[in-house]
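Asker: Its first residue numbered 24, the sequence shown is counted upward by one per residue in our numbering. All residues carry an ideal CB built from backbone N, CA and C; glycine is no exception.
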Amino acid sequence: MRAVVFERYGEPAEVREVPDPVPAAHGVVVRVEATGLCRSDWHGWQGHDPDITLPHVPGHELAGTVEAVGDTVTGWRPGDRVTVPFICACGSCPSCAAGDHQVCERQTQPGFTHWGSFAQYVALDHADVNLVAVPEEMSCATAASLGCRFATAFRAVVQQGRVAAGEWVAVHGCGGVGLSAVMIAAAAGAQVVAVDISPRALELARKFGAAECVDGTRTPDTAAAVRELTGGGAHLSLDALGSPATCAASVNGLRRRGRHLQVGLLPSPTGTTPVPMARAIALELELLGSHGMAAHTYPPLLDLVRTGALRPDLLVTSRIPLDATPAALTALGTAPGAGVTVVEPWA
Ligand SMILES: [Zn+2]
Ligand SMILES: [Zn+2]
24 MRAVVFERYG EPAEVREVPD PVPAAHGVVV RVEATGLCRS DWHGWQGHDP DITLPHVPGH
84 ELAGTVEAVG DTVTGWRPGD RVTVPFICAC GSCPSCAAGD HQVCERQTQP GFTHWGSFAQ
144 YVALDHADVN LVAVPEEMSC ATAASLGCRF ATAFRAVVQQ GRVAAGEWVA VHGCGGVGLS
204 AVMIAAAAGA QVVAVDISPR ALELARKFGA AECVDGTRTP DTAAAVRELT GGGAHLSLDA
264 LGSPATCAAS VNGLRRRGRH LQVGLLPSPT GTTPVPMARA IALELELLGS HGMAAHTYPP
324 LLDLVRTGAL RPDLLVTSRI PLDATPAALT ALGTAPGAGV TVVEPWA
């Protein structure tokens, strides 16, 4: 099969022939029809993820058709259209037993712990635990966008953030996950303040339901702007970018007893990020994380997509073939971009 491969961190990836994957007894091999390009892929390529071993094939936001099935898989057969959360769970550890597959103690992540979906085929583990059927009317490009950013945003806003109609929600960083969060919070009846430094990103945020937009290039203190626009601070605020500045701005833009959701990854040389904890104490803030979304919690999300309340299809702003992927991966470092780029490995 053809795949995007890198041999060294930070050096250009290339498209070349590699052996086809074979399924584990509990796994499947999926023919990849569409797979999203994500900033996490860029971090992995830069060497920020300790799970990766070289040479490596990135890619973790996929949808496609089951091609081959392992001996012990009971729920899936060749030809089924499927997607997966980017965190694939084992199904048997204590966290999985509690239903918290998104923090599985023996999780695998395609494109990180093993070769991923910037390829014509990808192997996925524990298929009966992790695969999600793609509804007939949903395209694979749309389904691919669910697995990482849209599901992560849904878990952050709805499951962890407990958004309620009428609340103010601030979203710092309006890339794929941020725009998803804007759409999901607006659909839940919240009033959304979108913060970004890109006019294009803010334009999309407004299109997806943001009531207010803050341009970080013209507003040095975005937290103060959020507090002003929301009459004292947001009830719920997301750092959807992942930087010390956006994390602090999110916490500082909250009202009393507000909830901060850290969604964007925060790689740093020391592995830690400064957080305004004095404010967390004085205002009784909640500081929460969100890490993917368990496959078994997808049905309410899929229902909202089916009724048209959520439109993940509108987030897909470009489609590229495998050959254009190495350059697009490189470009993510300097231009995170607005919206979602989908790779189509058979195009
Ligand atoms: Zn992703
Ligand atoms: Zn587990």
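Would the region 108 to 115 and the region 147 to 159 be scored as touching if the rule is three or more Cβ pairs under 8 Å?
Answerer: With a cut-off of 8 Å, the region 147 to 159 and the region 108 to 115 count as touching, because enough Cβ pairs lie within range.
Asker: Does at least one heavy atom of ligand 2 sit under 7 Å from the Cβ of S260?
Answerer: No, ligand 2 has no heavy atom inside 7 Å of this Cβ.
Asker: Look at V186 and L264 and say whether their C-beta atoms are less than 8 Å apart.
Answerer: No.
Asker: Does the Cβ of A150 lie closer than 7 Å to at least one heavy atom of ligand 2?
Answerer: No, the beta carbon of A150 sits no closer than 7 Å to any heavy atom of ligand 2.
Asker: Less than 8 Å separating the beta-carbons of G170 and F109?
Answerer: It is a contact, given that the beta carbons lie within the stated cut-off.
Asker: Could you check which residue in L333, E37 and V89 has the C-alpha nearest to that of L352?
Answerer: When each option's Cα is compared against that of L352, the closest is E37.
Asker: Using only alpha-carbon positions, find the residue among V286, A358 and N275 that is nearest to A298.
Answerer: The question names Ala, but residue 298 is Val in the sequence shown. Among V286, A358 and N275, the Cα nearest to that of V298 belongs to N275.
Asker: Could you spell out the range, first to last residue, of the alpha helix (DSSP H) harbouring V226?
Answerer: The sequence given here places Glu at residue 226; Val does not occur at that position. First-last of the alpha helix (DSSP H) with E226: P222 to K230.
Asker: Can you look up H314 in the DSSP assignment and give me helix, strand or coil?
Answerer: Coil.
Asker: Rank H137, P101, G93 and G98 by C-alpha distance to the C-alpha of I75 and give the top, closest one.
Answerer: For the residues H137, P101, G93 and G98, the minimum Cα distance to I75 belongs to H137.
Asker: Would you mind stating whether A179 and L261 have Cβ atoms separated by less than 8 Å?
Answerer: Yes, these two residues count as a Cβ contact at 8 Å.
Asker: What are the complete beta strand (DSSP E) segments, minimum 3 residues, inside the region 54 to 140?
Answerer: With a minimum length of 3 residues, the continuous beta strand (DSSP E) runs that stay inside the region 54 to 140 are 84 to 92 and 104 to 106.
Asker: Can you tell me whether DSSP reads E251 as helix, strand or coil?
Answerer: DSSP places E251 in helix when its eight states are reduced to three.
Asker: For S266, which of helix, strand or coil comes out of DSSP?
Answerer: Note: S266 maps to coil in three-state DSSP.
Asker: Going by the CB atoms, is the gap between F231 and V205 shorter than 8 Å?
Answerer: Closer than 8 Å, so yes.
Asker: What is the DSSP secondary structure of Y32, reduced to helix, strand or coil?
Answerer: It is coil, neither helix nor strand.
Asker: Nearest CA to the CA of V92: which residue from S341, S266 and P46?
Answerer: V92 has its Cα closest to that of P46, out of S341, S266 and P46.
Asker: Kindly examine ligand 1 and report whether one of its heavy atoms sits closer than 7 Å to the Cβ of C111.
Answerer: It does not: the Cβ of C111 is nowhere closer than 7 Å to a heavy atom of ligand 1.
Asker: Does the contact criterion of 3 or more C-beta pairs under 8 Å hold for the region 309 to 328 versus the region 116 to 135?
Answerer: As far as the Cβ criterion goes, the region 309 to 328 touches the region 116 to 135, which means the pair count is three or higher.
Asker: Do P368 and V55 have their C-beta atoms within less than 8 Å of each other?
Answerer: In contact: P368 and V55 (Cβ atoms closer than 8 Å).
Asker: With DSSP run on the structure shown, which of helix, strand or coil describes G294?
Answerer: DSSP places G294 in coil when its eight states are reduced to three.
Asker: Taking 7 Å as the cut-off, is the beta-carbon of R129 closer than that to any non-hydrogen atom of ligand 2?
Answerer: Indeed, a heavy atom of ligand 2 lies less than 7 Å from the Cβ.
Asker: If H283 and L311 are in contact, beta carbons under 8 Å, what's the gap, nearest whole angstrom?
Answerer: Between L311 and H283 the Cβ distance is about 7 Å, and since that is below 8 Å, they are a contact.
Asker: So V371 and V105 are in contact, right, with Cβ under 8 Å, and what is the actual spacing, rounded?
Answerer: Residue 371 lies beyond the range of the chain shown here (24 to 370); nothing can be said about it.
Asker: Output the distance between the C-alpha atoms of D336 and V218, rounded to the nearest integer angstrom.
Answerer: Rounded to whole angstroms, D336 to V218 spans 22 Å at the Cα level.
Asker: Can you tell which of E226, R229 and R279 has the C-alpha that lies nearest to the C-alpha of R250?
Answerer: When only C-alpha atoms are compared, the closest one is R279.
Asker: Assign R329 to one of three DSSP states: helix, strand, or coil.
Answerer: Helix.
Asker: From the DSSP secondary-structure annotation, give me the bridge partner or partners of P44.
Answerer: None; P44 has no bridge partner.
Asker: Whole angstroms is fine: what's the gap from V53's alpha carbon to E90's?
Answerer: Each residue's alpha carbon lies about 5 Å from the other.
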